[in-house]
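Right, one structure below, let's go through it.
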Amino acid sequence: MKIEIQETEPVDYNFAYKKDSFYKTKALLKTKSNGKFNLKINTDTNLELVFKSKIYNNTISTDPLVFSPVKLNYDVESNLYFIKNKEHIRQQWDRYKEKYRNKSNLATLLLFERLYFYIPLGLEYDLLSNGAYLPFFLNIYDQELQSDTVYAGMNWVHSPLNLPLKINYEFDYQRENVTYFGGQVILDDQKLAKLIADKHFQKHLKPYHYTKDFTIESDIKIAYNTETGYIMSSLFWLKIYSKAEEINEEIEFEVVEDKKDNLLAFHSSKQNYKSNLPDSPKRIEEKEAESKRLLVLLLCLLLVLFMFFGALLYLTESKN
Numbered sequence: 008m009k010i011e012i013q014e015t016e017p018v019d020y021n022f023a024y025k026k027d028s029f030y031k032t033k034a035l036l037k038t039k040s041n042g043k044f045n046l047k048i049n050t051d052t053n054l055e056l057v058f059k060s061k062i063y064n065n066t067i068s069t070d071p072l073v074f075s076p077v078k079l080n081y082d083v084e085s086n087l088y089f090i091k092n093k094e095h096i097r098q099q100w101d102r103y104k105e106k107y108r109n110k111s112n113l114a115t116l117l118l119f120e121r122l123y124f125y126i127p128l129g130l131e132y133d134l135l136s137n138g139a140y141l142p143f144f145l146n147i148y149d150q151e152l153q154s155d156t157v158y159a160g161m162n163w164v165h166s167p168l169n170l171p172l173k174i175n176y177e178f179d180y181q182r183e184n185v186t187y188f189g190g191q192v193i194l195d196d197q198k199l200a201k202l203i204a205d206k207h208f209q210k211h212l213k214p215y216h217y218t219k220d221f222t223i224e225s226d227i228k229i230a231y232n233t234e235t236g237y238i239m240s241s242l243f244w245l246k247i248y249s250k251a252e253e254i255n256e257e258i259e260f261e262v263v264e265d266k267k268d269n270l271l272a273f274h275s276s277k278q279n280y281k282s283n284l285p286d287s288p289k290r291i292e293e294k295e296a297e298s299k300r301l302l303v304l305l306l307c308l309l310l311v312l313f314m315f316f317g318a319l320l321y322l323t324e325s326k327n
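Start counting the sequence shown at 8; every next residue gets the next number (the working numbering).
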């Protein structure tokens, strides 16, 4: 079974995003955003993803900086997507910087400028760390999909904690024209070792980079349209925390293809989030087995109650 990309018009998506990041009781980033964007997948030469923002709102700014369009090309050897229209993005940045530059924020603007345009992959990593695009960076096209096979998603340096992360996906199941994948975020140990040895990165190192005394929990679900190769919906949940290192970060977002019969519902907790995920055949079997166990327990309880009240009735009649 393969997922092949079909030539289509750009597909519209709605999204809702939430991120809270704390380190040593200090809020590094607290934001909520929502809006609409579209995606065009091109396969003329290399695999290319073109994102175009249509509506964007967030809780940080009434006039947020949004780079659009963003064109990313896939490199097979590194399994990375590189932004190819940085010159156009630089023009957007320069206009934004000139509009809002003043003495109080000049240092911050220059810091972001260095990140976006002078640090290798800085702009890509920021896009992945603080937006709803992550699930789209999975190249599973034109290959036979198999269960129990790990498919590598994007790896990136996650900000603001500056932790190297990567996503491993597994083919879950297929139902009619929809193919489901499940994913998990893990620490990229090899990349972390390189960052610790990098003299340019050492000023960003924190004790948790050395101790690795933190926990990563995550849950990612993606539903692909098997006939077109485009994502239909995705749910993403990530939590990084450590009591000892005083880390507490949580991200959750949802992306849904913009159709009249699709309603976007942002989930405010993992419990609600998980309850809305589609069930795999394995999970369906587990639920059926659980229902049977509950039924047996109920019948046993009814039998015990029947015997109890029967004995009670017998004793009452014997006294009479």
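Positions of the beta carbon are idealized from the N, C-alpha and C atoms, including for glycine.
Selection from the options that minimises the alpha carbon distance to residue i
| i | options | result |
| --- | --- | --- |
| glutamate 55 | Glu105, Leu312, Ile174, Phe89 | Phe89 |
| lysine 228 | Gly190, Leu199, Phe221, Ala204 | Gly190 |
| glycine 236 | Leu199, Leu242, Tyr187 | Tyr187 |
| threonine 156 | Asp179, Leu301, Leu304, Leu130 | Asp179 |
| asparagine 64 | Asn109, Asp27, Arg121, Gly138 | Gly138 |
| isoleucine 203 | Ser240, Leu113, Val164 | Val164 |
| lysine 47 | Leu135, Val18, Ala34, Tyr123 | Val18 |
| leucine 130 | Thr32, Ser166, Lys43, Ile12 | Ser166 |
| lysine 91 | Glu151, Ala200, Tyr81 | Tyr81 |
| glutamate 259 | Asp27, Asn109, Trp100 | Asp27 |
| leucine 328 | Thr15, Tyr24, Glu14, Gln13 | The first residue shown for the chain is 8 and the last is 327, placing residue 328 beyond what the model contains. |
| arginine 102 | Glu120, Asn45, Lys110, Ala114 | Glu120 |
| glutamate 14 | Asp220, Leu128, Asp51, Phe313 | Asp51 |
| valine 185 | Gln153, Ser240, Val83, Glu151 | Ser240 |
| leucine 168 | Leu304, Lys33, Glu16 | Lys33 |
| phenylalanine 44 | Val263, Glu105, Lys31 | Val263 |
| proline 127 | Phe313, Leu308, Lys93 | Lys93 |
| tyrosine 30 | Gly42, Phe221, Lys206 | Phe221 |
Under 9 Å between C-beta atoms of residue i and residue j
| i | j | result |
| --- | --- | --- |
| asparagine 21 | aspartate 265 | yes |
| glutamate 261 | leucine 245 | no |
| methionine 161 | leucine 199 | no |
| leucine 118 | tyrosine 107 | no |
| tyrosine 148 | isoleucine 10 | yes |
| glutamate 256 | leucine 79 | no |
| proline 71 | serine 111 | no |
| tyrosine 125 | tryptophan 100 | no |
| valine 83 | asparagine 53 | yes |
Supposed close pair residue i, residue j - CB separation, criterion 8 Å
| i | j | result |
| --- | --- | --- |
| glutamine 181 | threonine 218 | Not a contact, Cβ separation roughly 42 Å. |
| tyrosine 231 | isoleucine 238 | 6 Å |
| tyrosine 158 | tyrosine 176 | 4 Å |
| threonine 38 | isoleucine 12 | With 8 Å as the limit, threonine 38 and isoleucine 12 do not qualify as a contact, their Cβ atoms being about 32 Å apart. |
Okay, do the stretch 246–257 and the stretch 203–217 touch, 3+ Cβ pairs below 8 Å being the bar? yes
Inter-stretch contact (C-beta, 8 Å, three-pair minimum) for the stretch 201–210 and the stretch 139–149: no
Decide if the stretch 191–198 is in contact with the stretch 166–179; the criterion is three or more beta carbon pairs, one per stretch, under 8 Å apart. yes
Would you say the stretch 75–86 touches the stretch 48–62, given that touching needs at least three Cβ pairs under 8 Å? yes
If you scan the stretch 152–203 from start to end, which runs of the beta strand (DSSP E) of 3 or more residues do you find wholly inside it? 157–165, 170–182, 185–194
Considering only residues of the stretch 30–76, which uninterrupted beta strand (DSSP E) runs meet the minimum length of 3 residues and lie entirely inside it, listed in chain order? 33–49, 55–65
May I have a chain-ordered list of the alpha helix (DSSP H) segments no shorter than 4 residues that lie completely inside the stretch 207–280? 214–218
Counting only runs of 3+ residues fully inside the stretch 84–143, write out the beta strand (DSSP E) ranges in chain order. 87–90
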